[in-house]
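Novice: Residue numbers (my numbering): 800 to 1102.
Glycine included, each C-beta is placed from N, C-alpha and C at the ideal position.
Quick caveat, the model's predicted, so the values are computed rather than measured.
Starting off with a structure, shown below.
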């Protein structure tokens, strides 16, 4: 996920109430922790894009270095994600709902038939490279059709998602797109990424305290410090740190050509951080507990 709304470490996303039983307890208490517990979903974006991305993320999941990931269903390597999901049924895998195809020479289209979602395509015949064309041209009815197609495709492949979020934040941009995102999440009884604090939203006791992601303004030689500082400043509640994991290999360099931010070296740095002893020590020293989207999913009222 390349963050759209801000290059700062913390950004707010819109939310709407999920169909939950009314609760007065805090989210940590509902998850079985003290009210002042610092709970963290350490989340790896973008699996399905490339083997390098999948390989690094699966290694981090297997090592317990990250607690969650999300897959981009339209991408070429989604079948590898499905194979991993089948062999790791307890892995916390959500869906990174995708309306963009950002790389210069490596592209994908929709899951729904193109003639059923024509407003989602640009003049190149692919999903657009950036979010503004989505905002300008995507019709909410076609967006809903595509989001449902992505979830249905994941289910058909044997991926049972624990949550949904939005690639490049495209679904967090307009009231119509936000409403479509929430509608589809509710229809499939999936928790969705949303953060507390926006005055335009109704309170949601499933909203996260913060979402933290390294932006282009972070000095490349202070990568570990950025993350350890973020951990030191976590507030009680459930927060999420989003990382982008891959190996700096020939495949990933080809996929991300001309993109230093969120490119191959960037993703290798994220991988090195989450796998490091220093990062693990920062979690321990700050009494941060890793949790999963699946834990939040269990709190939802089932149909």
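For residue 893, which beta-bridge partners are listed by DSSP?
Specialist: Residue 893 is bridged to 869.
Novice: Comparing C-alpha positions only, which one of 837, 893 and 825 sits nearest to residue 1032?
Specialist: Nearest of 837, 893 and 825 to residue 1032, Cα basis: 837.
Novice: Compute the Euclidean distance between the alpha carbons of residue 1039 and residue 833, then round it to the nearest angstrom.
Specialist: Taking the straight line from one Cα to the other gives about 18 Å.
Novice: Give the range of the alpha helix (DSSP H) segment to which residue 1077 is assigned.
Specialist: Taken as a continuous stretch (DSSP letters only), the alpha helix (DSSP H) holding residue 1077 covers 1076-1084.
Novice: Sort out for me which residues DSSP pairs residue 995 with in a bridge.
Specialist: Partner(s): none; residue 995 has no beta bridge.
Novice: Can you give the Cα-Cα distance for residue 823 and residue 1085, rounded to whole angstroms?
Specialist: Approximately 27 Å, taken between the alpha carbons.
Novice: DSSP on residue 1010, reduced to helix/strand/coil?
Specialist: DSSP places residue 1010 in strand when its eight states are reduced to three.
Novice: Taking the C-alpha atoms as reference points, what is the distance between residue 757 and residue 912?
Specialist: Only positions 800 to 1102 of the chain appear in this structure, which leaves residue 757 out of reach.
Novice: Would the beta-carbon of residue 979 fall within 9 Å of that of residue 1035?
Specialist: Result no, Cβ atoms of residue 979 and residue 1035 do not sit closer than 9 Å.
Novice: Report the residue from 1083, 1008, 1054 and 893 whose alpha carbon sits nearest the alpha carbon of residue 851.
Specialist: With distances taken between Cα atoms, residue 851 lies closest to 1054.
Novice: Determine the burial state of residue 866: buried for a count of at least 16 other Cβ atoms within 10 Å of its Cβ, exposed for fewer.
Specialist: Under this definition residue 866 is a buried residue.
Novice: Taking DSSP as the reference, what is the three-state secondary structure of residue 841?
Specialist: DSSP places residue 841 in strand when its eight states are reduced to three.
Novice: If residue 986 and residue 872 are in contact, beta carbons under 8 Å, what's the gap, nearest whole angstrom?
Specialist: Not quite, the Cβ-Cβ distance comes to about 16 Å (not below 8 Å), so this is no contact.
Novice: State the start and end residues of the unbroken alpha helix (DSSP H) segment that holds residue 983.
Specialist: Here the alpha helix (DSSP H) through residue 983 covers 974-986.
Novice: Under DSSP, the beta strand (DSSP E) around residue 1040 begins and ends at which residues?
Specialist: Unbroken beta strand (DSSP E) run through residue 1040: 1036-1042.
Novice: Is DSSP giving residue 958 helix, strand or coil here?
Specialist: Three-state result, residue 958: coil.
Novice: My output table needs one value for residue 880: the three-state DSSP class, helix, strand or coil.
Specialist: Helix, per DSSP.
Novice: Using a Cβ-Cβ cut-off of 8 Å (strictly less than) and excluding sequence neighbours within five positions of residue 859, which residues of its own chain qualify?
Specialist: These residues qualify, in order along the chain: 843, 865, 1044, 1070, 1073 and 1074.
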